[in-house]
Amino acid sequence: MHEHSALSEAWFALMQQLAVPSDTAQAGWQQLHQCYTEPHRAYHNFSHIAAMLRHLTQTPLAVHDEAVLKLAIWFHDLIYDPKAKDNEARSAELAVQWMQQAGFSAERCDAVRACILATASHQLQLAAHVPDAALFLDLDLSVLGLPPTQYRHYAAAIRKEYAWVAAIPYRLGRAAVLKKFLARSELYFTPYFRQKLEAQARHNLQRERRRLLYFF
């Protein structure tokens, strides 16, 4: 509950900073709270949002548009159904709907939409025109570069979200996802995150993949 209280304070402070009408700010918070506290979310929940915001405060990188970056963080996993293929598109749509009600410009709405859609593949191309997109995507994947013990907690949380998938299909499917990440020349888009997290992230992914395929 302390985390939810801290996030509530952060949300309404941002709303005040951006001069969002109080009723629109309250409606946004209710929507965020309802979605991110859904019981099936073991990882894609408020803790993930809090971690991204925390990493943002710790990064020395310049932010071009704080409103775009923070709203993309808040809304990017608003819809999360592990069985669905359109979570990012639906999250982006709801984010833009709320932003339009709050009076944000079409340019900012487009930027947030592009950032959220880019998380589907974690490729920068869809949001290359957004100055903060690289930082946003790196914040979203900062979890991959956690120390090994914390990374194992993350991997276990992802498994919980896919509890409906049998063991062998899950192992093979998850291993395939990790292989795609490992095949990239770089996991992170900004030099700061590459230097800070790339090596540890690759170690974590390789180790999890070996564990998943141990019996094969």
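According to this note's numbering, the sequence shown is numbered sequentially starting from -11.
Beta carbons are placed, not taken as given, at the ideal position from N, Cα and C, and that holds for glycine.
Enclosing alpha helix (DSSP H) for residue i [first to last residue]
{"i": "Ala77", "result": "Asn75 to Ala90"}
{"i": "Arg172", "result": "Per DSSP, Arg172 belongs to no alpha helix (DSSP H) and is neither H nor E."}
{"i": "Ala42", "result": "Checking the displayed sequence, the identity of residue 42 turns out to be Arg instead of Ala. Unbroken alpha helix (DSSP H) run through Arg42: Phe34 to Gln46."}
{"i": "Ile61", "result": "Glu54 to Phe63"}
{"i": "Gln113", "result": "Element bounds for Gln113: n/a, residue is neither H nor E."}
Nearest to residue i (by Cα), restricted to the options the options
{"i": "Leu123", "options": "Ala30, Leu200, Leu49 and Glu26", "result": "Leu49"}
{"i": "Pro179", "options": "Phe34, Ser(-7) and Leu125", "result": "Leu125"}
{"i": "Ser130", "options": "Phe177, Ala151 and Ala108", "result": "Phe177"}
{"i": "Leu(-5)", "options": "Arg199, Gly16, His191 and Asp69", "result": "Gly16"}
{"i": "Leu170", "options": "Gln194, Ala106, Leu200 and Leu185", "result": "Gln194"}
{"i": "Glu174", "options": "Gly133, Ala154 and Ala164", "result": "Gly133"}
{"i": "Ser6", "options": "Val56, Glu149, Tyr24 and His52", "result": "The sequence shown places Leu at residue 6, not Ser. The shortest Cα separation from Leu6 among Val56, Glu149, Tyr24 and His52 belongs to Val56."}
{"i": "Tyr158", "options": "Asp128, Ala83 and Pro70", "result": "Pro70"}
{"i": "His43", "options": "Asn33, Gln89 and Phe181", "result": "Phe181"}
{"i": "Asp53", "options": "His117, Gln19, Phe34 and Ala80", "result": "His117"}
{"i": "Ser79", "options": "Cys97, Ile104 and Ser93", "result": "Ile104"}
{"i": "Val165", "options": "His110, Pro119, Gln138 and Ala115", "result": "His110"}
{"i": "Gln85", "options": "Asp98, Asn33 and Ala39", "result": "Asp98"}
{"i": "Arg96", "options": "Ala187, Ala145 and Leu59", "result": "Leu59"}
{"i": "Pro135", "options": "Leu112, Ile156 and Glu186", "result": "Glu186"}
{"i": "Ala145", "options": "Arg29, Gln19 and Asp11", "result": "Arg29"}
Collapsed DSSP secondary structure at residue i in the structure displayed
{"i": "Trp152", "result": "coil"}
{"i": "Asn192", "result": "helix"}
{"i": "Tyr139", "result": "helix"}
{"i": "Thr107", "result": "coil"}
{"i": "Lys184", "result": "helix"}
{"i": "Ser(-9)", "result": "Residue -9 is actually Glu in this sequence, not Ser. Three-state result, Glu(-9): helix."}
{"i": "Leu132", "result": "helix"}
{"i": "Gln10", "result": "Before going further, note that residue 10 is Ser rather than Gln in the sequence given. Reduced to three states, the DSSP call for Ser10 is helix."}
{"i": "Ala145", "result": "helix"}
{"i": "Leu127", "result": "helix"}
{"i": "Tyr68", "result": "coil"}
{"i": "Pro157", "result": "helix"}
{"i": "Pro179", "result": "helix"}
{"i": "Asp120", "result": "coil"}
{"i": "Ser(-4)", "result": "helix"}
{"i": "Glu95", "result": "helix"}
{"i": "Ala102", "result": "helix"}
{"i": "Tyr31", "result": "coil"}
{"i": "Leu200", "result": "helix"}
{"i": "Leu49", "result": "coil"}
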